[in-house]
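Following: one structure in structure tokens, then a few remarks.
Chains as they are written, first to last, in this note's numbering: chain Z, 2 to 394; chain H, 4 to 291.
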């Protein structure tokens with residue numbers, strides 16, 4: 002070899018070559034490439050998959066306390082032959098979205114057929130706008146007729162083409178009667194000096210803002226800058242003068258039970274599940290918030306199988322079992338608010354106490370006083386930043 | 004003659020190769036991507052594009068100066084506390100531990116068998132408003148009747164100190180354990196008092212452990228956000244909390260990336276100043 006390279010030359014060239022080959026490629030692979038809108042309806046294959054991959058929040062389905070099996074899922078498998086791979090890997094909307102958005106933005110499947118996201122956080126709307134969701138196969142969901150009326154035309158998905166509610170819940174105020182007189186209003190929660198440092202506010206913007214706006218006499222379903230500023234500065238003031246101890250997810254519940262907190266802005270289902278006689282939950286005097294977790298099929302999921310499962314869930318008999326569980330068979334239910342008409346009748350058969358619990362089957366008066374937060378405001382970057390700076394800075 | 008003999012000069016480079024590959028794949032490339040991302044502008048809905056947006060750095064520094072400073076402050080206090088707590092422990096194990104040495108070391112490491120999150124949550128119970136610690140401090144009048152520890156800076160610093168203690172204790176132990184006992188005997192033979200022997204012999208010889216321990220504690224502590232989130236109030240939040248919320252809640256990746264770089268630079272400067280102060284040979288002389 003006459004034209005032999007020196008080692009330095011070789012290394013240098015290899016390094017440059019390697020960098021040239023790898024870096025842009027990797028950068029491109031990591032970057033968020035432009036998303037293509039999903040083209041019209043494609044014909045759906047009418048064949049059930051052997052396994053349905055379902056990601057859900059923790060403690061959010063009927064569960065046998067002894068075997069930890071989920072009877073409604075076993076029953077589905079018996080009926081259709083499809084095994085449901087049920088994974089409780091969603092703890093909050095943001096983290097879950099952060100986990101899946103990379104793959105979805107690159108057009109890769111996330112190997113899930115159904116995921117569940119909340120309508121009063123921005124990510125559900127974002128999934129739809131970005132084209133990360135498959136269209137439901139409504140032909141396979143005749144039971145959609147059982148969807149409660151109030152849920153039929155949400156503004157993020159007006160015809161329910163992509164999403165169906167899993168469960169709903171209300172946001173209100175919980176208090177521990179060993180530590181305080183009843184706390185029934187936002188005024189009390191945020192401004193009663195006796196509660197200083199003994200209360201928490203939810204870190205979910207939609208929940209917190211809905212309640213405070215209602216207390217201010219503003220309309221949280223159509224947010225104006227004026228209403229936003231009034232509610233925001235009220236919460237900020239309470240945080241600055243240390244009335245608010247922390248902003249929390251559902252980790253306020255154990256602290257409330259232990260007595261570190263006297264009262265907390267709180268989700269109805271947490272308190273129903275806690276089942277502690279000293280802890281009471283109520284819709285604030287000026288009104289509370291209503292939120293709904295929605296099932297959707299992420300891009301690449303099996304549309305037909307997922308739709309068949311959704312149809313199954315919308316059968317009132319199935320929903321009744323899921324909701325109430327069955328104390329005789331040691332099955333715990335979901336204890337949130339079901340979106341299926343007629344579920345109450347079946348829930349009563351399994352557990353009358355659940356069917357008459359207003360946190361699970363709310364009275365008409367309660368439902369009248371809870372509002373759904375404006376979905377446009379959820380995506381207002383200015384609001385989001387202000388809120389995040391308040392709770393994390 | 005085989006390949007290695009003919010190209011003997013290549014051997015060191017071949018031996019370096021796995022390390023270099025590891026560093027470039029898991030460090031250089033992600034770092035380059037982070038730098039690239041930190042200079043993008045746009046938002047998640049319309050997508051981000053690379054525009055040399057140095058403003059991200061300026062905004063981060065301007066808007067979150069107090070969180071940056073608080074992170075360095077909490078990390079520094081926690082590191083100092085960990086050093087003060089660990090040194091006597093490591094000293095005692097190294098010189099007096101005898102045949103119990105390994106068991107005692109295991110006690111230091113044992114909490115690490117439990118996940119970080121659970122360990123931090125345990126402090127929520129320990130420091131609880133109606134708990135033993137708060138009640139005791141109240142009866143000693145250290146805390147007022149309505150006083151509390153949870154959701155205060157004390158709880159955050161205590162949590163960080165606890166969580167990173169083994170990173171301090173183990174390097175200290177290693178360097179103390181290596182000290183030859185005969186040197187201390189020699190010092191005493193030369194009429195040094197116990198205190199003098201410690202200050203002139205033991206302490207200088209253990210400095211590599213001190214340096215390694217402080218770095219291993221300070222660097223991750225400055226970026227921590229779990230302790231501030233679970234044990235602190237909003238005004239105790241550190242820069243890690245802001246980065247986490249920018250990244251996950253606001254999907255503002257460029258801002259989060261810029262902040263990570265600023266934090267990294269801040270830590271590098273702090274470490275550099277520290278290294279100049281104690282001497283670089285202590286850094287490289289480290290046994291771990």
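For glycine and all other residues, C-beta sits at the position ideal for the given N, C-alpha and C. Small disclaimer: the values here were computed from a predicted structure and weren't measured.
Considering Cα atoms alone, identify which of the options is closest to residue i.
{"i": "residue 247 of chain H", "options": "H:260, H:159 and H:282", "result": "H:260"}
{"i": "residue 126 of chain H", "options": "H:110, H:107, H:111 and H:163", "result": "H:163"}
{"i": "residue 59 of chain Z", "options": "Z:248, Z:309 and Z:90", "result": "Z:90"}
{"i": "residue 211 of chain H", "options": "H:177, H:165 and H:39", "result": "H:177"}
{"i": "residue 385 of chain Z", "options": "H:271, H:251 and H:267", "result": "H:251"}
{"i": "residue 45 of chain H", "options": "H:269, H:258 and H:274", "result": "H:258"}
{"i": "residue 366 of chain Z", "options": "Z:343, Z:102, Z:119 and Z:289", "result": "Z:289"}
{"i": "residue 145 of chain Z", "options": "Z:313, Z:354 and Z:159", "result": "Z:313"}
{"i": "residue 104 of chain H", "options": "H:215, H:179, H:276 and H:242", "result": "H:179"}
{"i": "residue 370 of chain Z", "options": "Z:310, Z:287 and Z:343", "result": "Z:287"}
{"i": "residue 102 of chain Z", "options": "Z:125, Z:160 and Z:84", "result": "Z:125"}
{"i": "residue 282 of chain H", "options": "H:214, H:144 and H:53", "result": "H:214"}
{"i": "residue 43 of chain H", "options": "H:34, H:54 and H:50", "result": "H:54"}
{"i": "residue 354 of chain Z", "options": "Z:368, Z:128 and Z:325", "result": "Z:325"}
{"i": "residue 206 of chain H", "options": "H:225, H:181 and H:235", "result": "H:181"}
{"i": "residue 122 of chain Z", "options": "Z:361, Z:187, Z:147 and Z:294", "result": "Z:294"}
Using a 10 Å radius around the Cβ and a threshold of 16 neighbouring Cβ atoms, would you call residue i buried or exposed?
{"i": "residue 335 of chain Z", "result": "buried"}
{"i": "residue 302 of chain Z", "result": "buried"}
{"i": "residue 68 of chain H", "result": "exposed"}
{"i": "residue 135 of chain Z", "result": "buried"}
{"i": "residue 112 of chain H", "result": "exposed"}
{"i": "residue 222 of chain Z", "result": "exposed"}
{"i": "residue 155 of chain H", "result": "buried"}
{"i": "residue 51 of chain H", "result": "buried"}
{"i": "residue 119 of chain Z", "result": "buried"}
Where does the unbroken beta strand (DSSP E) through residue i begin, and where does it stop?
{"i": "residue 251 of chain Z", "result": "That residue, residue 251 of chain Z, is in no beta strand (DSSP E); it is neither H nor E in DSSP."}
{"i": "residue 112 of chain Z", "result": "No beta strand (DSSP E) contains residue 112 of chain Z, which DSSP labels as neither H nor E."}
{"i": "residue 53 of chain Z", "result": "52-58"}
{"i": "residue 291 of chain Z", "result": "289-299"}
{"i": "residue 150 of chain Z", "result": "Per DSSP, residue 150 of chain Z belongs to no beta strand (DSSP E) and is neither H nor E."}
{"i": "residue 87 of chain Z", "result": "84-91"}
{"i": "residue 168 of chain Z", "result": "164-177"}
{"i": "residue 229 of chain H", "result": "Unbroken run through residue 229 of chain H is the alpha helix (DSSP H), 229-234; no beta strand (DSSP E)."}
{"i": "residue 64 of chain H", "result": "Note, residue 64 of chain H: premise wrong, no beta strand (DSSP E); alpha helix (DSSP H) at 58-66."}
{"i": "residue 282 of chain Z", "result": "280-283"}
{"i": "residue 266 of chain Z", "result": "264-268"}
{"i": "residue 31 of chain H", "result": "Neither: residue 31 of chain H is in no beta strand (DSSP E) and is coded neither H nor E."}
{"i": "residue 201 of chain Z", "result": "200-203"}
Along the chain, where does the alpha helix (DSSP H) that runs through residue i open and close?
{"i": "residue 211 of chain H", "result": "206-225"}
{"i": "residue 380 of chain Z", "result": "Premise fails: residue 380 of chain Z is in no alpha helix (DSSP H) and is neither H nor E."}
{"i": "residue 343 of chain Z", "result": "From DSSP, residue 343 of chain Z is part of no alpha helix (DSSP H); its letter is neither H nor E."}
{"i": "residue 49 of chain H", "result": "Run containing residue 49 of chain H: none; DSSP gives neither H nor E here."}
{"i": "residue 96 of chain Z", "result": "94-106"}
{"i": "residue 18 of chain H", "result": "14-26"}
How close, in whole Å, do the beta carbons of residue i and residue j come, if the pair is a contact with beta carbons under 8 Å?
{"i": "residue 107 of chain H", "j": "residue 121 of chain H", "result": "Rounded, the Cβ-Cβ distance is 23 Å, inconsistent with contact."}
{"i": "residue 207 of chain Z", "j": "residue 282 of chain Z", "result": "With 8 Å as the limit, residue 207 of chain Z and residue 282 of chain Z do not qualify as a contact, their Cβ atoms being about 18 Å apart."}
{"i": "residue 269 of chain Z", "j": "residue 137 of chain Z", "result": "Wrong, their Cβ atoms sit about 28 Å apart, outside the cutoff."}
{"i": "residue 341 of chain Z", "j": "residue 315 of chain Z", "result": "5 Å"}
{"i": "residue 174 of chain Z", "j": "residue 165 of chain Z", "result": "So it is not a contact: roughly 30 Å between Cβ atoms."}
{"i": "residue 1 of chain Z", "j": "residue 114 of chain Z", "result": "This structure gives no information on residue 1 of chain Z, because the portion of chain Z shown stretches from 2 to 394."}
{"i": "residue 117 of chain Z", "j": "residue 57 of chain Z", "result": "5 Å"}
{"i": "residue 284 of chain Z", "j": "residue 214 of chain Z", "result": "15 Å between Cβ atoms; not a contact."}
Who are the Cβ neighbours of residue i in its own chain at under 7 Å, not counting the five residues just before and after it?
{"i": "residue 253 of chain Z", "result": "201, 262, 265 and 267"}
{"i": "residue 209 of chain Z", "result": "202, 203, 236 and 266"}
{"i": "residue 92 of chain H", "result": "172"}
{"i": "residue 204 of chain H", "result": "186, 187 and 190"}
{"i": "residue 401 of chain Z", "result": "Since the first residue shown for chain Z is 2 and the last is 394, residue 401 of chain Z is missing from the structure and cannot be characterised."}
{"i": "residue 269 of chain H", "result": "71 and 75"}
{"i": "residue 141 of chain Z", "result": "305, 308, 309 and 312"}
{"i": "residue 184 of chain H", "result": "none"}
Leaving aside the five residues before and after residue i along the sequence, list all residues of the same chain whose C-beta is less than 8 Å from its C-beta, in chain order.
{"i": "residue 244 of chain H", "result": "70, 228, 231 and 232"}
{"i": "residue 264 of chain H", "result": "37, 38, 41 and 60"}
{"i": "residue 1 of chain Z", "result": "Given that chain Z is displayed from residue 2 to residue 394, the structure contains no residue 1 of chain Z and the question cannot be resolved."}
{"i": "residue 67 of chain Z", "result": "331"}
Within the same chain, show all residues whose beta-carbon is closer than 6 Å to that of residue i, passing over the 5 residues directly before and after it, in chain order.
{"i": "residue 140 of chain H", "result": "146"}
{"i": "residue 254 of chain H", "result": "47"}
{"i": "residue 14 of chain Z", "result": "Residue confidence for residue 14 of chain Z is low, a pLDDT of 43 falling below 50, so the modelled location carries little weight; the figure read from the coordinates is stated next. Result list for residue 14 of chain Z: empty, nothing under 6 Å."}
{"i": "residue 80 of chain H", "result": "160"}
{"i": "residue 259 of chain Z", "result": "none"}
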